[in-house]
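A.B. asks:
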Amino acid sequence: MNLTKAVTSIVAVQKLNEEVLVVVGGGAAGVYGAIRAKTLAPNLNVMVIEKGRPLSKVKISGGGRCNVTNGHFTDAKSLAEHYPRGHKEFRGPFFNVHGPMDTMSWFSNHGVQLKVEDDGRVFPVSNSSASIVDCLMSEAKRTGVSLQTGKVVTSASISSGGKFALKIQKLMNSVEHVEANYLLIASGSSRQGFSLAAQLGHSLVDPVPSLFTFKIEDPQLAELSGVSFPKVRAKLKLENIQRHLPQYTQVGPMLVTHWGLSGPVILRLSAWGARDLFASDYKGLLIVDFAPDLHLEDVKTILSRHKSQFMKQKVHSSCPSEFGLVKRFWKYLLDREEINDEILWASISNKSLASISSLLKQCIFKVLGKGQFKDEFVTAGGVQLSEISLKTMESKIHSRLFFAGEVLNVDGVTGGFNFQNAWSGGYIAGTSIGKLANGEFLGRDVSNLA
Ligand SMILES: Cc1cc2nc3c(=O)[nH]c(=O)nc-3n(C[C@H](O)[C@H](O)[C@H](O)COP(=O)(O)OP(=O)(O)OC[C@H]3O[C@@H](n4cnc5c(N)ncnc54)[C@H](O)[C@@H]3O)c2cc1C
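Going by my numbering, the first residue of the sequence shown is number 6, and it counts up by one from there.
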């Protein structure tokens, strides 16, 4: 950028006695919060400043379908358990004010039909994220929210009059200076947003990736790409990390990809282990139990029984149905145990049966790195939750400063939980700002502030 070309202007955004809310970021949290504030306080000048395209993540989310929220976990306590960062804090009133059911009602009241899939994920009936984007955009327009794109909020400070003095950089390097009565930072995981929070005195937890797949270098496993397991128990053990959280063991579906392992179990492990995985350079062991509902002794018994029933069949071509394994994976296990392709069940030793049983119950994969999960990825880290009142989303450091969404040190597992954080936070912040703008009193919370 050629800074010598920069034009600096003070923008007259304020009519006499008009109060201004600037929302940094036109994502899910920012737009939802802006609509809520403007709905409650129609006289408030609500400006959303978005550096790129508004709602761009909503557009690409859920593989283009947008997993709006989750319909299976409706009480605050069980919902909170889906947030590796935020689970303690979210047990409180946060979701009671505006939870998944409220979000679903909001969208259906605004003309978007939603459906709850068997696993609890909620999508628009249209199966298109455009339904959500269009709804939010038209509601923002209808209520009179001013959505300004192609502009970046580059700095924030407190002016002598106690307002928020914001520097907004436009394309072509021109600069606007805006004074706002209220500031809502809903900048997602952008570094610029974190920097604004820091400029206003907030401390940050270092951002690290969450929700990714595990890279495993095993050419024979890669050949099984596409094979899925409806239920495994997978345990993560990391290099140089002694502690073991209960969440480092997960039960559920797993999928083989051409670079390693994915599926709900892996994504949940990646989320709960995000910080420790980062610290161990994404190196560790994954111990998978492919028969989680059977004891080791039961597995041995099943194999012995199969041996006596299918003596004349080749071990490679006859897998006990109790394990529910696809043939290709059964062959993979036998190859790992170096069981000859031609051997018959009649000839297999008890020692081999014991080692196959152990492998089924404790199959170890070496995790060598992290892969990508194209449907959803989020950032762990951000503004410390202890510095925010979750009742109002107001900063405990500056009154009239609010945060919502991924800019906070909050992230959820897959299933619609990340958007729910954005909707809930945006709604609560918008409500607080709307009330203040209407002259209502907001109790200040300065608890747990270091
Ligand atoms: C590919 C993908 C798919 C996903 N799918 C799902 C899903 O199906 N369900 C789910 O629950 N979650 C999903 N997520 C996660 C979800 O998208 C995020 O948790 C959510 O978008 C966070 O909302 P937000 O408003 O806090 O931040 P964002 O959506 O990131 O919005 C922040 C906005 O602020 C803007 N901005 C940042 N800094 C500035 C600045 N200084 N000035 C101006 N503008 C600024 C950014 O350009 C951005 O548009 C997905 C994520 C990805 C990457």
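Glycine residues also receive a C-beta, built at the ideal position from the N, C-alpha and C atoms.
Model, not experiment: these values are computed from the prediction.
For the beta strand (DSSP E) that R126 lies in, which residues bound it at each end?
C.D. replies: Here residue 126 is taken as the residue at index 121 of the sequence shown, counted from 1. Per DSSP, R126 belongs to the beta strand (DSSP E) from 126–129.
A.B. asks: For the alpha helix (DSSP H) containing F100, name the first residue and the last one.
C.D. replies: As a first step, residue 100 must be located in the sequence shown, where it is residue number 95. From DSSP, the alpha helix (DSSP H) with F100 extends over 99–102.
A.B. asks: What residue does the beta strand (DSSP E) around S215 start on, and which one ends it?
C.D. replies: Reading the sequence shown from its first residue, position 210 is the one you call residue 215. Looking at the DSSP string, the run of the beta strand (DSSP E) that includes S215 is 209–215.
A.B. asks: From A351 to N345, what does the alpha carbon distance come to, in whole angstroms?
C.D. replies: Along the sequence shown, one-based indexing puts residue 351 at 346. Along the sequence shown, one-based indexing puts residue 345 at 340. Cα-Cα distance, rounded: 13 Å.
A.B. asks: Please report the distance separating the alpha-carbon of G32 from that of S61.
C.D. replies: Here residue 32 refers to the residue found at position 27 of the sequence shown. Here residue 61 refers to the residue found at position 56 of the sequence shown. Each residue's alpha carbon lies about 7 Å from the other.
A.B. asks: According to DSSP, simplified to helix, strand and coil, what is D346?
C.D. replies: If you number the sequence shown from 1, residue 346 lands on position 341. D346: coil per DSSP, three-state reduction.
A.B. asks: How is M398 classed by DSSP in three states: helix, strand or coil?
C.D. replies: Here the question's residue 398 lines up with position 393 in the sequence shown. Residue state, collapsed to three classes: coil.
A.B. asks: At which residue ranges does the stretch 106–148 contain complete beta strand (DSSP E) runs of 3 or more residues, listed in the order of the chain?
C.D. replies: The qualifying runs are 119–121, 126–129.
A.B. asks: To the nearest angstrom, report how far apart G97 and K82 are at their CA atoms.
C.D. replies: Position 92 of the sequence shown, counted from the start, is the residue given in the question as residue 97. Position 77 of the sequence shown, counted from the start, is the residue given in the question as residue 82. Cα to Cα, G97 sits roughly 8 Å from K82.
A.B. asks: According to the Cβ coordinates, are H103 and F422 closer than 7 Å?
C.D. replies: On the sequence shown, position 98 is the one that residue 103 refers to. On the sequence shown, position 417 is the one that residue 422 refers to. No.
A.B. asks: Does the beta-carbon of A17 have 16 or more other beta-carbons within 10 angstroms, so that it is buried, or is it exposed?
C.D. replies: Start at 1 with the first residue of the sequence shown, and residue 17 comes out as number 12. Per-residue confidence for A17 stands at a pLDDT of 43, beneath the threshold of 50, marking its modelled position as unreliable; no derived number is given.
A.B. asks: Within 10 Å of its beta-carbon, does Q314 have 16 or more other beta-carbons around it, so buried, or fewer, so exposed?
C.D. replies: Reading the sequence shown from its first residue, position 309 is the one you call residue 314. So Q314 counts as exposed.
A.B. asks: Are L119 and P129 touching if we call contact CB-CB under 7 Å?
C.D. replies: Translated into the one-based positions of the sequence shown, residue 119 becomes position 114. Translated into the one-based positions of the sequence shown, residue 129 becomes position 124. Closer than 7 Å, so yes.
A.B. asks: If the criterion is Cβ atoms closer than 7 Å, does the pair T419 and E381 meet it?
C.D. replies: Sequence index remark: in the sequence shown, residue 419 carries index 414 (1-based). Sequence index remark: in the sequence shown, residue 381 carries index 376 (1-based). Yes.
A.B. asks: Can you pull the DSSP bridge partners for N355?
C.D. replies: Start at 1 with the first residue of the sequence shown, and residue 355 comes out as number 350. N355 is not bridged to any residue.
A.B. asks: In terms of residues, what are the limits of the beta strand (DSSP E) holding N423?
C.D. replies: As a first step, residue 423 is located in the sequence shown; it is residue number 418 there, counting from the start. Where N423 is concerned, there is no enclosing beta strand (DSSP E), although the alpha helix (DSSP H) it sits in stretches over 422–442.
A.B. asks: Using 7 Å as the threshold, is the C-beta distance between K56 and V138 below it?
C.D. replies: Walking along the sequence shown from the start, residue 56 turns up at place 51. Walking along the sequence shown from the start, residue 138 turns up at place 133. No, they are not a contact pair.
A.B. asks: Would you identify the three-state DSSP class for M52, choosing helix, strand or coil?
C.D. replies: As a working mapping, residue 52 is identified with position 47 in the sequence shown. DSSP places M52 in strand when its eight states are reduced to three.
A.B. asks: Can you tell me whether E23 is buried or exposed, with buried defined as 16 or more other CB within 10 angstroms of its CB?
C.D. replies: The residue given as residue 23 occupies position 18 in the sequence shown. The residue in question, E23, is exposed, as its Cβ has fewer than 16 Cβ neighbours within 10 Å.
A.B. asks: Which residue marks the beginning of the alpha helix (DSSP H) containing H403, and which one marks its end?
C.D. replies: Here the question's residue 403 lines up with position 398 in the sequence shown. First-last for H403: undefined, no H or E at that position.
A.B. asks: In the DSSP assignment, what are the bridge partners of Q174?
C.D. replies: The residue labelled residue 174 in the question sits at position 169 within the sequence shown. DSSP lists V157, V180 as partners of Q174.
A.B. asks: Under the criterion of a Cβ to heavy atom distance below 6 Å, does V415 qualify as lining ligand 1?
C.D. replies: For the purposes of this step, residue 415 is taken as residue 410 along the sequence shown, with counting starting at 1. Checking the Cβ of V415 against ligand 1 gives no.
A.B. asks: Please go through the same chain and pick out, in chain order, the residues whose beta-carbon is closer than 7 Å to the beta-carbon of A185, but skip the five residues on each side of it.
C.D. replies: As a working note, residue 185 is residue 180 in the sequence shown. Here the set comprises V25, L26, V27, K168, F169, L171.
A.B. asks: Please check the pair F334 and L229, which I expect to be a contact at CB under 8 Å, by giving their CB distance rounded to whole angstroms.
C.D. replies: By one-based count along the sequence shown, residue 334 stands at place 329. By one-based count along the sequence shown, residue 229 stands at place 224. Indeed they touch by this definition, with Cβ atoms about 6 Å apart.
A.B. asks: Please state the DSSP three-state secondary structure of D298.
C.D. replies: Reading the sequence shown from its first residue, position 293 is the one you call residue 298. Coil at D298, not helix or strand.
A.B. asks: Could you tell me how far apart the beta carbons of S134 and G69 are, in whole angstroms, since I believe they sit closer than 8 Å?
C.D. replies: Here residue 134 refers to the residue found at position 129 of the sequence shown. Here residue 69 refers to the residue found at position 64 of the sequence shown. Going by Cβ atoms, the distance from S134 to G69 rounds to 6 Å, so yes, they are a contact pair.
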